[in-house]
Amino acid sequence: MLGLGIDTGGTYTDAVIYDLEGGGVLCKAKSPTTRGDLLVGIMGALGGLDEGLLGRCGYAAISTTLATNACVEGKGDPARLIMIGCDRGVYGKYGGEYGLPPASEVTFLDGGHAQSGDVVSEPDWGRLEREADAAGVGSFAVVELWGIKDPAFERKAASLLARRPGRTVICGHELTDEVNSLRRAASALLNAELAPMMGGFMAKVGEALAKVGLPLSPLMVRGDGTVMSMSFAAAHPVETLLSGPAASVAGAAALAGVGEAVIVDMGGTTTDIAMVKGGSPAFGAGGATVGRWRTGIRSVRVRTFGLGGDSRVLPRGCGHRASPLGEGGFSRDHGDRMLAGRLSVGPVRVIPLCRLAEDHPGAGARLAGMAGAPGGVKVHTEPYWEFLVGVGDGKGIPGLTDEEARILDALRDGPLCLFDLAEAVGSEVYGLRTGRLERHGAIMRSGFTPTDAANAARPLGVGDAAASGHAARVVAENMGVGVDGLCRDMHEAVCNMLYGYVATVLLEDGHEGLADCGMAPQSAYLVSSSYLGGPLRVASDRAIVGIGAPAHMYVPEVAAAMGCAASLHAHSDVANAVGAVTTKVTAEAAATV
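Each position in the sequence shown, counted from 1, maps to that position plus 12 in this note's numbering.
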């Protein structure tokens with residue numbers, strides 16, 4: 013039988029046709045992921061496959077990093093958390109550790125069940141309905157302190173909330189039997205925030221298969237490396253958390269044929285690192301942890317870091333007043349953002365300027381003008397070489413301001429750099445407030461990335477290499493260095509960060525306490541600095557298996573620094589899709605005594 017594997021990542025959508033009986037990739041294709049309309053990217057990948065082989069596929073499976081990327085980038089639809097019987101003081105003290113919002117943004121209801129399962133008191137359902145109406149959101153997550161003992165009150169709250177048309181509600185007991193109510197709350201709230209995006213993605217997959225004449229019901233890879241039906245995934249989108257990384261681990265292990273290895277999957281948005289032991293992925297003791305979220309969802313033990321080929325790069329101290337994740341900061345959790353020497357790298361993903369210029373030649377011409385300005389390259393505290401691109405109308409954003417409406421209107425005819433956008437909306441560049449529009453996906457940012465730096469140093473055949481060169485000159489001048497110095501700094505910064513991330517995963521894997529709570533940021537920084545001749549050196553006897561488009565540029569150097577072998581398979585660029593189609597179907601039964 014032939015199987016079709018599809019992986020939709022932050023940058024590329026990959027597709028493979030795999031011989032499920034004999035083993036091996038028969039054909040493969042890649043297409044840029046089109047965030048404005050995911051169907052375009054999926055159809056592009058399917059269109060690159062052999063039509064005859066495609067028509068013979070009797071099985072299809074999908075993986076994606078969309079949910080993972082949304083967590084890292086701090087994106088998702090607004091949702092309201094309802095906590096029943098939870099102590100406000102406990103929530104206020106520890107909720108932030110699980111990625112949960114401040115207590116002021118949560119509805120707390122007294123009452124609920126005791127640990128024994130007996131009813132303490134009935135919650136105030138009238139108050140629930142009043143606060144839900146005032147919240148102004150369409151998605152809700154309901155979690156009771158002891159809802160795993162008796163979910164009756166969670167179910168009643170859900171039925172009351174669902175009376176209003178257009179509302180979606182998820183209960184904590186439907187996702188996990190984790191005793192820790194805050195982990196359950198993180199799982200449920202994240203599920204509610206991801207539901208609209210993941211529902212749209214699954215609909216596009218079904219539409220694409222119908223267009224190519226494949227009457228298949230594909231399966232979706234879940235975070236623990238097993239697969240689930242699309243209908244189950246639509247109701248439980250948080251189960252797709254780490255779907256892409258889980259598929260990449262399975263695919264990399266299958267391609268490399270190794271029993272003990274460190275899998276490093278470098279994508280456009282994130283780098284996912286996992287361990288293979290005895291030929292199988294290592295599983296996490298707790299739930300999946302991505303970005304600021306600590307959930308109760310079972311998953312392969314994967315550490316996800318905000319570093320990829322499309323990571324936003326800024327000169328140190330430039331442009332940090334506002335960011336795509338909000339006015340005044342990259343995210344609630346700065347742990348994945350790394351200042352490497354003179355450069356700030358990630359965790360936000362932007363469109364590489366070379367790709368923007370390929371699609372919008374006017375942007376390339378504007379960059380050329382910046383680089384060749386008669387009075388010399390302008391030095392500024394804001395990253396004026398970055399562009400904003402309109403991808404939506406903003407109709408679903410509550411309370412759209414006049415300035416936001418003007419920004420959307422100004423971008424209808426094409427992308428504009430920060431200076432030009434400020435002029436178009438009648439604002440100063442310092443006063444532009446684009447964070448909310450970016451978080452809701454109405455606009456996207458394009459900026460200088462590791463891909464642009466590599467493209468400027470040696471054309472990679474990716475996008476408009478000339479645009480990368482122009483942007484490199486502008487950024488270099490704003491750093492006070494030459495273009496060659498910038499490109500060297502960029503390569504060294506990524507290698508330094510990747511070395512630190514791999515070393516962190518190796519150390520956490522070897523110590524149970526570190527695996528449970530993670531390494532302190534100060535310790536992680538100390539380990540990372542050893543790549544550049546710091547006081548520590550981390551060595552490994554496990555091969556580092558690199559997959560993903562940027563991996564070949566950095567993994568060999570990191571492996572050499574650790575004294576171990578590097579493995580880069582010929583089909584490593586589509587390992588996620590291979591992992592999706594080769595993932596096993598499993599069934600599990602559990603009983604609580």
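Heads up, the beta-carbon is just placed ideally off N, CA and C, and yes, glycines get one too.
Residue burial classification, residue i (beta-carbon count within 10 angstroms, cutoff 16)
i, result
"residue 476", "buried"
"residue 20", "buried"
"residue 152", "buried"
"residue 343", "Because the pLDDT at residue 343 is just 30, under 50, the model does not fix this residue reliably, and the point stays unresolved."
"residue 345", "Unreliable positioning characterises residue 345 in this predicted model, as indicated by a pLDDT of 33, which lies under 50. A coordinate reading is not provided."
"residue 99", "exposed"
"residue 106", "exposed"
"residue 114", "exposed"
"residue 605", "exposed"
"residue 174", "exposed"
"residue 13", "exposed"
"residue 24", "buried"
"residue 42", "buried"
"residue 513", "buried"
"residue 589", "buried"
"residue 191", "exposed"
"residue 373", "exposed"
"residue 131", "exposed"
"residue 288", "buried"
"residue 244", "exposed"
"residue 204", "buried"
"residue 30", "buried"
Whether residue i touches residue j by CB criterion (7 Å)
i, j, result
"residue 259", "residue 591", "yes"
"residue 93", "residue 198", "no"
"residue 306", "residue 110", "yes"
"residue 322", "residue 446", "no"
"residue 402", "residue 455", "yes"
"residue 554", "residue 272", "yes"
"residue 325", "residue 276", "no"
"residue 124", "residue 78", "no"
"residue 84", "residue 303", "yes"
"residue 559", "residue 274", "no"
"residue 286", "residue 270", "no"
"residue 137", "residue 194", "no"
"residue 55", "residue 220", "yes"
"residue 587", "residue 264", "yes"
"residue 480", "residue 366", "yes"
"residue 213", "residue 50", "yes"
"residue 308", "residue 188", "yes"
Range covered by the alpha helix (DSSP H) that runs through residue i
i, result
"residue 177", "Taken as a continuous stretch (DSSP letters only), residue 177 belongs to no alpha helix (DSSP H), as it is neither H nor E."
"residue 549", "Looking at the DSSP string, residue 549 is not in any alpha helix (DSSP H), and its letter there is neither H nor E."
"residue 464", "462-469"
For residue i, the nearest candidate out of the options (CA to CA)
i, options, result
"residue 211", "416, 89 and 373", "89"
"residue 429", "208, 363, 466 and 142", "363"
"residue 240", "108, 595 and 404", "595"
"residue 184", "27, 561, 395 and 163", "163"
"residue 392", "119, 223 and 328", "328"
"residue 120", "131, 126, 130 and 102", "102"
"residue 434", "397, 412, 451 and 45", "397"
"residue 613", "238, 408, 513 and 494", "Since the displayed the chain opens at 13 and closes at 605, residue 613 lies outside it and no answer follows."
"residue 484", "463, 504 and 474", "463"
"residue 385", "486, 602 and 582", "486"
"residue 310", "320, 319, 296 and 318", "296"
"residue 444", "469, 426, 395 and 134", "395"
Assumed close pair residue i, residue j - CB separation to whole angstroms, cut-off 8 Å
i, j, result
"residue 17", "residue 57", "Actually they do not touch by this definition, with Cβ atoms about 10 Å apart."
"residue 196", "residue 155", "5 Å"
"residue 502", "residue 465", "4 Å"
"residue 65", "residue 32", "In fact, because the Cβ distance is near 13 Å, the residues do not count as touching under 8 Å."
"residue 368", "residue 377", "Actually they are not in contact, since the Cβ atoms of residue 368 and residue 377 sit about 12 Å apart, beyond 8 Å."
"residue 593", "residue 28", "6 Å"
"residue 584", "residue 254", "The Cβ separation is near 19 Å, so there is no contact."
"residue 216", "residue 453", "Rounded, the Cβ-Cβ distance is 15 Å, inconsistent with contact."
"residue 280", "residue 22", "4 Å"
Start-to-end residues for the beta strand (DSSP E) that takes in residue i
i, result
"residue 327", "323-327"
"residue 161", "Careful: residue 161 lies outside any beta strand (DSSP E) and carries neither H nor E."
"residue 587", "First-last for residue 587: 587-594, but that is the alpha helix (DSSP H), not the beta strand (DSSP E)."
"residue 361", "355-361"
"residue 151", "151-156"
"residue 232", "231-233"
"residue 574", "No beta strand (DSSP E) holds residue 574; DSSP gives it neither H nor E."
"residue 209", "Here residue 209 belongs to no beta strand (DSSP E); instead the alpha helix (DSSP H) covers 193-223."
"residue 75", "69-76"
Proximity test, Cβ basis, 7 Å: residue i and chain B
i, result
"residue 404", "Reference to chain B is not applicable here, since this structure consists of a single protein chain."
Residue i beta carbon near the ligand ZN (any heavy atom closer than 6 Å)
i, result
"residue 557", "This structure does not include the ligand ZN; it has no bound ligands of any sort."
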